[in-house]
Amino acid sequence: MAEITVTFEDGASERLPSGTSAGDALRVHAERAGSGKKALRRAVAARVDGPDGGRVLDLSRPLGADCRVAPVEPESADGLEVLRHSCAHLMAQAVQRLFPGTEITIGPVIEHGFYYDFKRPEGFTPDDLARIEATMTAIARENLPVSREERSKDDAIRLFRELGEHYKVEIIEGIPAESVSLYRQGEFVDLCRGPHVPSTGHLQAFKLMSVAGAYWRGDSRNEMLQRIYGTAWASQKDLDAYLKRLEEAKQRDHRKLGQQLDLFSLHPIAPGSPFFHPKGAVVYNTLIQFVRGLYARYGYTEVVTPLVFKTDLWKTSGHYDAFRDDMFLWEKDGEEYGIKPMNCPGHCYLYRELGKHSYRDLPLRFADFSRLHRFEPSGTLTGLTRVRSMSQDDAHIYCTPDQLQEELRRFIAMTREVYDAFGFDDVAITLQTRPEKFLGRIELWEQAEAALERAAREAGYAVTVLSGEGAFYGPKIGFDFKDVLERTWTLATVQIDCAMPERFGLTYVTPEGTEATPVMIHRAVLGTLERFIAILVEHTAGKLPLWLAPVQVQVVPVSEKVDAWARRVTEVCRAAGLRAEVDLRNEKLGYKIREAQMQKIPVIAVVGEREAADGTVAPRIGGENRPAEALDAFVAAVRADARMPGGAP
Ligand SMILES: [Zn+2]
Ligand SMILES: [Zn+2]
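Under the working numbering, the first residue of the sequence shown is numbered 3, with each subsequent residue one higher.
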């Protein structure tokens, strides 16, 4: 019989008969090496690197050529994918045991879990979900082997037609290949490419989360199905940790905290357009002030540009074709107008309006905090994270090709300074390169991509390249920040524009006296302010840093006898530039302190009769009582701690 060479993770290799399964190969090796048995017992699949490239396969799949084989452990990214998809099958099997006649459709893996769409006349109740979960646990205990079989398309269609699975028949009819693979566990069979766990006993940590309506093939003209969502993990410990994180995320939800802290609200009168309340406006404006401080040092000039333009502007920039559906447009006096969704085209106009530019004037860095409007579909609007009305710490840099690398370096330095100010330390970079549909010349794209990658690597960040994911006008790097709940958010972005300067006919005079096209950079550090505030509120659970807190000092008199001194303390704080409030309500001290803490006010200044007599205050910071201090010393200390980072005046 033909033999193949199988190489293992430790570098050792075995000669084995061709057709040996990946699992058997790992078993033979584990026995000879006397190690790796535990990993093999836990393995949910095998990673096979062979002539067809690297793939994750069932442990039962036969090996037909020389290859490398490694066990896939359940907690690895590949392992979780196998577990989650196997849980989708497990759930479908449980549903069909409990509710015969229910048709199955599709059941993919999603972030943290899986779902399956079912066709059943009655809805699933929360009670049903609990029963389905219990049946899943029972089937997992049965430890049914999961097997794969290849069938011709006709065979598979006959099989599913007999089972009354019309959706499966429809799916198979649409598959171009001659044959399809099926997976069986006990009485349940599903059309699937796999891979799957070797037996249902590997599925031990899962939970069904919710049920929702979903249209067949996502099309509202099709029939409504019922989608059950579940989550699955490698261990009960991981599942518990995830559920705890979800609960924590609920507590930290910026929509909940935004209301509790009186920061903002949303009203159907202006969908997706937040009303910032006085306290929210303090946060919003203080963030802008912080960025302005950095602009002064990093050589940006602020500009103010129109909100409403004739649509010719976006016809020139290319946005009219690519972005029109996301814009608010209307007609007036036979002309079409729109409200700007981004600042860049206006800045290109401004560059031209400023007259002839010499290389000596560059770089020009135009910053603009203007409000922007985008017609996001109503179904996607969420709190402050997905809005129709927004502002960004947006700027556009026009420079010569020679200056590009230095501009990118400076931008990354500024971004790092901002992240340090907020204590964001878990940051990585993604580079998004040329998509299929793009504007501008390929050489420009290649130069720009190389410059971005170099800048990111020189700054010492880990860089992931997302091929083909750039915007139509240029490649981009994004700074991905991981928050305390381990969710990833892209905050800062920097993008080199390979199209707009040429489309607007922008030029500068080179040292040789010829005309050349400047390089244009789009960049933002905080990104959309609304979204940044949401992320910051959730990351900090509403405990904003002292310099950003809407109320920095809450003065709390012990009784009305000392109201006058409490008022005086408040005035002195305010005169020193601190945001101070006084709680003169006739309530118990403990209650007033608790409320100030609920409002996440960083400094509480308690004043009683002794403090009034001595001209002092008793600070309470971070839930801790401090010894009483003279008012002046207290104010000076809080002022020093509240100083805005980044050198703003
Ligand atoms: Zn499957
Ligand atoms: Zn831009």
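For each residue, glycine too, the CB sits at the ideal point set by N, CA and C. Given the structure is predicted, the values throughout are model-derived calculations rather than measurements.
Exposure of residue i, with buried meaning 16 or more beta-carbon neighbours within 10 Å
i: Ile177; result: exposed
i: Arg436; result: buried
i: Phe483; result: buried
i: Met502; result: buried
i: His269; result: exposed
i: Thr466; result: exposed
i: Glu5; result: exposed
i: Glu540; result: buried
i: Pro552; result: buried
i: Gln262; result: exposed
i: Tyr593; result: exposed
i: Asn224; result: exposed
i: Leu28; result: buried
i: Gln187; result: buried
i: Glu460; result: exposed
i: Pro559; result: buried
i: Lys239; result: exposed
i: His204; result: buried
Closest Cα partner of residue i within the set the options
i: Val623; options: Thr233, Arg581 and Pro604; result: Checking the sequence shown, residue 623 turns out to be Ile, not Val. It is Pro604 whose Cα lies nearest to the Cα of Ile623.
i: Thr307; options: Glu167, Asp192, Ala397 and Thr490; result: Ala397
i: Pro118; options: Arg143, Leu92 and Pro102; result: Correcting the residue type first, residue 118 is Tyr in the shown sequence and not Pro. The option with the nearest alpha carbon to Tyr118 is Leu92.
i: Ser469; options: Arg459, Tyr463, Trp447 and Glu532; result: Trp447
i: Ala632; options: Thr618, Ser149 and Ala638; result: Thr618
i: Glu249; options: Thr512, Ala615, Asp314 and Leu487; result: Leu487
i: Val84; options: Ala90, His198 and Gly115; result: His198
i: Asp585; options: Val571, Ala577, Ser275 and Ala578; result: Val571
i: Pro53; options: Val71, Gly36 and Arg43; result: Val71
i: Leu531; options: Glu445, Ala283 and Tyr593; result: Ala283
i: Arg505; options: Cys346, Glu419 and Thr490; result: Cys346
i: Glu445; options: Ala458, Gly462, Pro477 and Gly425; result: Pro477
i: Ala638; options: Ala578, Gln599, Ala598 and Ala615; result: Ala578
i: Arg34; options: Asp12, Tyr297, Pro19 and Val46; result: Asp12
i: Lys281; options: Leu289, Phe266 and Ile271; result: Phe266
i: Asp80; options: Asp51, Val46, Gly55 and Arg63; result: Val46
i: Gly544; options: Lys252, Trp567 and Asp363; result: Lys252
i: Asp363; options: Pro520, Pro110, Ala423 and Leu591; result: Pro520
i: Tyr185; options: Ala536, Thr202, Met344 and Phe278; result: Thr202
i: Phe534; options: Tyr286, Thr233, Glu333 and Glu471; result: Tyr286
i: Phe278; options: Gly260, Ile290, Gln291 and Phe292; result: Gly260
i: Phe426; options: Pro403, Asp485 and Leu406; result: Asp485
i: Glu135; options: Asp643, Asn627 and Ser212; result: Ser212
i: Ile141; options: Ile341, Ala423, Val574 and Ser88; result: Ser88
i: Glu113; options: Asp60, Ala234 and Phe330; result: Ala234
i: Pro154; options: Glu175, Leu165, Gly166 and Leu146; result: Checking the sequence shown, residue 154 turns out to be Ser, not Pro. It is Glu175 whose Cα lies nearest to the Cα of Ser154.
i: Leu161; options: Ser222, Ser20, Gln599 and Ser183; result: Ser183
i: Glu455; options: Asp422, Arg489, Arg411 and Ala423; result: Arg411
Residues near residue i by beta carbon distance below 7 Å, same chain, minus five either side
i: Pro273; result: Ser380, Leu383 and Arg390
i: Phe101; result: Arg122
i: Thr137; result: Ala96, Arg99 and Leu100
i: Ser15; result: Thr7, Val8 and Thr9
i: Val30; result: Glu16 and Leu18
i: Pro73; result: Leu28, Ala41, Leu42, Ala45 and Ala48
beta-carbon residue i near ligand 3 non-hydrogen atom, thresh 6 Å
i: His87; result: With respect to ligand 3, the structure offers nothing, as its ligand set consists of ligand 1 and ligand 2.
Spatial neighbours of residue i in its chain, beta-carbon cut-off 8 Å, leaving aside the 5 residues before and after
i: His349; result: Val305, Thr307, Phe368, Asp370 and His398
i: Ala324; result: Phe474
i: Leu227; result: Thr107, Asp119, Phe120, Lys121, Gly215, Ala216, Tyr217 and Trp218
i: Ser62; result: Ser23, Ala24, Gly25, Ser149, Arg150 and Pro200
i: Gly320; result: Leu441, Phe474, Tyr475, Ala501, Met502 and Arg505
i: Glu378; result: Gly274, Asp328, Arg388, Val389 and Arg390
i: Glu613; result: Val564, Trp567, Val619, Ala620 and Ala630
Close Cβ partners of residue i (< 6 Å) along its chain, the five nearest in sequence each way excluded
i: Arg257; result: Gly385
i: Thr492; result: Gly480 and Asp482
i: Ala236; result: Pro76 and Glu77
i: Lys439; result: Phe474
i: His359; result: Tyr510
Length-filtered (3 minimum) beta strand (DSSP E) runs lying within the region 27-109: 47-52, 55-59 and 69-74
Of all the alpha helix (DSSP H) runs that stay within the bounds of the region 480-542, which reach a length of 4 or more residues? 502-505 and 531-542
Continuous alpha helix (DSSP H) assignments of at least 4 residues falling wholly in the region 240-328: DSSP runs (the alpha helix (DSSP H)) wholly in the region 240-328: 256-262, 280-300, 314-319 and 321-325.
Just to be sure I understand the criterion: a residue counts if its Cβ is closer than 5 Å to at least one heavy atom of ligand 2. Which residues meet that? Cys346 and His524
Which runs of the beta strand (DSSP E) fall wholly inside the region 434-473 and span at least 3 residues, in chain order? 465-468
What residue ranges within the region 124-209 form continuous alpha helix (DSSP H) runs of no fewer than 4 residues, ordered along the chain? Complete alpha helix (DSSP H) runs here, min 4: 128-144, 155-164 and 168-175.
Contiguous beta strand (DSSP E) assignments of at least 3 residues, all confined to the region 592-620: Complete beta strand (DSSP E) runs here, min 3: 605-609.
Which complete beta strand (DSSP E) runs does the region 206-230 hold, if anything under 3 residues is left out? 207-217
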